[in-house]
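Numbered by full-length UniProt numbering, the letters in the sequence shown go through residues 1 to 315 in order.
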Amino acid sequence: MTITVYRSDDASAPVLTGEVGKLIDLLDACLVNGYGSQPAAGWGKAFSGTNLAAYRAPSGNRMYLRVDDSIVQYPILRGYETLTGIDTGTGPFPTTAQLAGGIRPVKSSTTGTVAHPWMLIAGTRAFYLWISFVATDIGAPATTTDMIFFGDIVSYLPGDQYGTLLIGKIANDITANNTVLGNNLSAAGADCNGHYLARGYLQDGGSSPCGTLQALPAASASIGSAGAAYPDPVTGGLLLERVRVCEGGVASKLLRGHLPGLFNPQHNQPGQHLDTLSGRGALSGTDLLLLYKGGTAVGRFAVSLNETADWLAPA
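Okay, structure coming up:
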């Protein structure tokens, strides 16, 4: 899977503000059209309307991400199994019964024209979007950041046709505890706020809430905010764990798969925001980017970046 990294400080990069339509401008530029010297990620824009858009990956399950960017500050996101028009589709995740307002990422803490840093990391089946919605410098770490994920997980179910996941904020505010990706990990397999698979592992029914798991020894609800000293005293390196997706709640604790290319450092802040580390062992030849995550805890998570990185590795 080819990985492309887009940043707000790239030449000719789109500008993200609290105005209507700005998230769609960003997604169009990164996923569909490219900009400056940056190529497009190969995604399609299947349908559109006034400040509305639906995006689809070029490979994998190819489900749809519908974006309503007609609202200042807080767009509305929802996944769909199928769409036949911008307002017509089946299999929404989350459903309106599960989350009436949909997933609500933060473009900006204000409604004005202040530009905020962002980074989009895209493969051919999934992407992550990181937004620093108060800061104006991409290199300035802050707890006021948000991140969404949309696309296929690395599923442990052979032939999984519904292992497509949407993760993001659940409310139109800038409250830190609503920034759920990397800041809402489950200890016992409980569903996490703002985590919705297209369907459960039985491949029937509809939208299935799920969770992402904490990892030992760094048992913390926040990625990269607990664990052994860094460098690891035993190995001399950086210990990483996959961010695993669990469904069925505490009673079942069913491991469905893991998030592609995202790792939970088993250390408390093992580096600085935007540090790039070289992997070794199973990750030899892979570059890892440390990103400062949002939330009340100060932590870092690592995303594999280089084009040879195997986001689809099964373990």
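The beta carbon of each residue, even a glycine, is placed where N, CA and C say it ideally should be.
Identified DSSP bridge partners for residue i
i	result
His267	Ala228
Leu185	Paired residues: none, contrary to the question.
Thr212	Val245
Thr164	Asp152
Pro260	The partner list for Pro260 (beta bridge, DSSP) is empty, contrary to what the question assumes.
Pro92	Tyr80
The alpha helix (DSSP H) enclosing residue i, as first and last residue numbers
i	result
Val250	Gly249 to Ser252
Asp25	Lys22 to Leu27
7 Å Cβ shell around residue i - same chain, five flanking residues per side excluded
i	result
Glu241	Ala215, Phe263, Asn264 and Gln266
Asp152	Gly60, Asn61, Arg125, Ala126, Gly163 and Thr164
Gln161	Asn61 and Gln203
Asn33	Ala40
Glu81	Met63, Thr90, Gly91 and Ala198
residue 317	Beyond the ends of the chain as shown, which are 1 and 315, falls residue 317; an answer cannot be given.
Asp10	Gly36 and Gln38
Ala309	Ile3, Gly261 and Thr286
8 Å CB neighbourhood of residue i in its chain, flanking five on each side removed
i	result
Cys246	Ser186, Gly189, Cys210, Gly211, Thr212, Leu213, Lys253, Leu254, Leu255 and Arg256
Pro233	none
Beta-carbon proximity list for residue i, same chain, < 6 Å, skipping 5 on both sides
i	result
Arg78	Arg66, Pro92 and Gly102
N- and C-terminal bounds of the beta strand (DSSP E) containing residue i
i	result
Met119	Trp118 to Ala122
Arg300	Arg300 to Ser304
Thr4	Thr4 to Arg7
Asp287	Asp287 to Tyr292
His273	Counting along the chain, His273 falls outside any beta strand (DSSP E), and DSSP gives it neither H nor E.
Tyr201	Premise fails: Tyr201 is in no beta strand (DSSP E) and is neither H nor E.
Exposed unless 16 or more other CB atoms sit within 10 angstroms - verdict on residue i
i	result
Arg56	buried
Asp137	exposed
Thr50	exposed
Gly248	buried
Asp173	exposed
Val250	exposed
Asp68	buried
Every unbroken beta strand (DSSP E) inside the region 127-153 [3 residues or more]:
145-152
Those runs of the beta strand (DSSP E) which lie wholly inside the region 17-89 and span at least 3 residues:
44-49, 52-56, 64-68 and 76-85
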